[in-house]
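Just so we're on the same page, this note's numbering is the position in the sequence shown counted from 1, plus 153. Comments concern the structure below.
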Amino acid sequence: MSSNFLDLANPGVKGLHPYVPGKPVEELERELGITNIVKLASNENPLGPSESVLQAIQKALPELSRYPDGNGFTLKAALAEHLSVDADQITLGNGSNDVLELLARTFLSVGDEVIFSEHAFAVYPIVTQAVGATAVVTPARNWAHDLDAMADAITDKTKLIFIANPNNPTGTWLSKGELKAFLKIVPEHVVVVLDEAYFEYVDQENYPDGIKLLKHYPNLVVTRTFSKIYGLASLRVGYGISNPDIADLLNRVRQPFNVNALAQAAAVAALADSEYLLRSREVNARGLEQLIQGFETLDLDYISSVGNFICVHIGEKAAQANDELLREGVIVRPVANYRMPEYLRVTVGTEQENETFLHALKRVLDRI
Ligand SMILES: *Cc1c(COP(=O)(O)O)cnc(C)c1O
């Protein structure tokens, strides 16, 4: 790129690196000329979309020439019912990433500080820097968010705090007690964003439901998504839940038609399909167990996870192992850009996919 244009970019953007997604299956197919690729790289639901979602999309197709409902009335009503919140607390997003960006654009200016943890989701630094705010990254403790360190980092300039519970890529989680103790000491001028992208997977007894905390903490925003357990990653639909005043602000910044009609119809159908949710949870719990067994057989350490993914310790040759896994037709996620160069993150797949991955990993470790 011409350096002149680089000079024109705002200072935050100059220092940015683009988000690196999991490698698409088609890309690896093109590169290697192979099929039957197993992708366990983007925390997608291995069951594919539910039947009722496909039917809802079919039904919505004839209206494609119309703009979608810009206020998402039906989806918001379904979410309000499902979550026991008011519709005016909901902000729909083109994926929950969109809501994260809306929060940054709504609340941040140059010079403001944003706190998030080491090993946290890559979108937090991107939305922070893109608007010229300053990222304050606190060290992790045992791979997890260190809420004491995050509280200590709060200054007069702090505007936003991003917390992922559970966190991606580490799979670590914060208990209700820990989170509430933290929220109590955060000043009200600081907006706390609780990213619950994997909420529906967690069944730990002390795991907090962020939405239940909203009435005590007006400065709290909870984000969730249809990309993970609901199996709609391709459609891009997520949401934020907050007090109505914050939702009103986000709505001023939001693009008018940020969630398309097929996504809205699919999300409504997905919410109603509790059987699919249950099955997804079961497949994940069994698959996580299967991966852990496999790692133990291979004598590999891993970070305990409550999500639909797990980080396995490969060591210094993690990048090489990743390359070799690709050659075996298995796509996982290197996490060196999360300051975890010795790990690979693996999404929980179907039983067959997990087995294919574990066999490939064994062959790879034997030869590198
Ligand atoms: C996957 C993920 C999201 C969701 O992204 P979408 O834009 O909703 O697809 C948000 N936060 C974290 C931590 C994630 O891992």
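Where is the CB? At the ideal position from N, CA and C, for every residue including glycine.
Asked, Found
"Report the three-state DSSP secondary structure of His512 (helix, strand or coil).", "helix"
"Any heavy atom of ligand 1 closer than 7 Å to the CB of Lys381?", "yes"
"Starting from the C-beta of Gln208, find all residues in its chain whose C-beta is less than 8 Å away, skip the five residues before and the five after it, and write them out in chain order.", "Ala422"
"Quick one, which of Glu204, Thr323 and Ile314 has its alpha-carbon nearest Tyr491's?", "Thr323"
"With Asp607 as the anchor, note down where its alpha helix (DSSP H) starts and where it stops.", "With the chain covering 154 to 521 only, the question about residue 607 has no answer from this structure."
"Can you round the beta-carbon distance between Ala523 and Asn320 to whole angstroms, since I take them to be within the 8 Å contact cut?", "The first residue shown for the chain is 154 and the last is 521, placing residue 523 beyond what the model contains."
"Taking DSSP's pairing of strands, which residues face Ser270 in a bridge?", "Thr291"
"Using C-beta distances below 6 Å, list every residue in its chain close to His170, excluding the 5 sequence neighbours before and after it, in chain order.", "none"
"Am I right that Thr291 and Ser270 are in contact with their C-beta atoms under 8 Å? What's the rounded C-beta distance?", "5 Å"
"Measuring straight from C-alpha to C-alpha, what distance separates Leu367 and Glu266?", "23 Å"
"Please state whether DSSP places Leu497 in a helix, a strand or coil.", "strand"
"Can at least three beta-carbon pairs, one atom from the region 386-395 and one from the region 226-244, be found at a separation below 8 Å?", "yes"
"Could you tell me how far apart the beta carbons of Gly165 and Ala283 are, in whole angstroms, since I believe they sit closer than 8 Å?", "6 Å"
"Quick one: which unbroken alpha helix (DSSP H) runs of 4-plus residues sit fully inside the region 340-388? Chain order, please.", "363-366"
"Verify the contact flag: Ser249, CB atom, against every heavy atom of ligand 1, threshold strictly below 7 Å.", "yes"
"Here's the rule I'm using: 16 or more other beta-carbon atoms within 10 Å means buried, otherwise exposed. How should Val465 be labelled?", "buried"
"Less than 7 Å between the CB of Thr378 and some heavy atom of ligand 1, yes or no?", "yes"
"Measure the C-alpha to C-alpha separation of Ile307 and Ile268 and round it to an integer number of angstroms.", "8 Å"
"So does the region 233-242 actually touch the region 323-339, counting three or more Cβ pairs closer than 8 Å?", "no"
"What's the gap between the Cα of Val206 and the Cα of Ala400?", "27 Å"
"I need the DSSP call for His170, collapsed to helix, strand or coil.", "coil"
"Can you tell me where the beta strand (DSSP E) with Gly246 in it begins and where it stops?", "Ile243 to Gly246"
"Can you give the Cα-Cα distance for Glu508 and Ser195, rounded to whole angstroms?", "18 Å"
"Looking at the secondary structure, which residues open and close the alpha helix (DSSP H) in which Leu313 lies?", "No alpha helix (DSSP H) holds Leu313; the beta strand (DSSP E) holding it covers Thr311 to Ala317."
"How about Leu430 and Glu353: are their beta carbons less than 8 Å apart?", "yes"
"How many angstroms separate the CA atom of Glu197 from the CA atom of Phe315?", "22 Å"
"Taking contact to mean at least 3 C-beta pairs separated by less than 8 Å, is the region 407-425 in contact with the region 245-257?", "yes"
"Less than 8 Å between C-beta atoms, sequence neighbours within five positions excluded: which residues of the same chain meet that for Glu216?", "Ala414"
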